[in-house]
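Throughout the sequence shown, residue numbering follows mature numbering (1 follows the signal peptide of the UniProt record, and there is no 0), covering -19 to -1, 1 to 151 in sequence. The C-beta atom is built at its ideal place from N, Cα and C for all residues, glycine as well.
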Amino acid sequence: MVLPLSGAALLSLFGLVSATKCPTDGIRNYFANHDKTKCFFFLDHPLEFFDSNYLCGDNGGMLASIGTPEDNKIIAQHSSGHAKAWIGGVDYLDLGNWYWLDDSHFAYWNWGPDEPKHFPLHDCAAIDTVTGFWENHLCNKKMNALCQVISIPDSSKFMITVLQSVQKVL
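Spelled out as structure tokens, the structure:
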């Protein structure tokens, strides 16, 4: 039997797909960005930039892109004990033109005083989690990493809302 769904029920049903949460694995301390579309986590294993991105990938993500002042603030609030960490900003293809490894637009930046430095090969970005300012470094410097993963649908919220929507139709 097929139940007709009203427009409001369909909007409610499809609007729920945006209900998301960060993964939990008992190992990493995930925290959501301002609009809950992605989750950040720190890797406390000092590596060079590209090795850090590879390790983020092994954990289902990549080095983080920070797109808003709100996200930068959230990261600083969750950074206890993480001094400096790689983020996914690079300019090695076109010196002075920064971009994110995830191809998102580099529209927001929070460079520290006298940053980014225009020294040869300082092509990789890091965040100083104490100040919240960004710095550029040689990519072969070893430091911790700030990774990101895409947030996951919260299936429990989705199912509750679907059932509520169906009940309204009936």
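Sequence-distant residues of the same chain with beta carbon closer than 8 Å to A88, five excluded per side: G48
Please state whether DSSP places I47 in a helix, a strand or coil. coil
DSSP on D135, reduced to helix/strand/coil? coil
Going by DSSP, name the residue or residues bridged to W67. A107, A126
Using 8 Å as the cut-off, can you tell me whether the region 57 to 67 makes contact with the region 78 to 88, which would need three or more C-beta pairs spanning the two stretches below that distance? no
Under a Cβ-count criterion, where at least 16 other Cβ atoms within 10 Å of its own Cβ denotes burial, should F30 be classed as buried or exposed? buried
Identify which residue in F12, T18, N10 has its Cα closest to the Cα of K132. Looking at the sequence itself, residue 132 is Ser, so the reference to Lys does not match. The shortest Cα separation from S132 among F12, T18, N10 belongs to T18.
Buried or exposed (CB count within 10 angstroms, at least 16 for buried), Y73: exposed
For a test of the three-state rule: what should DSSP assign to A88, helix, strand or coil? coil
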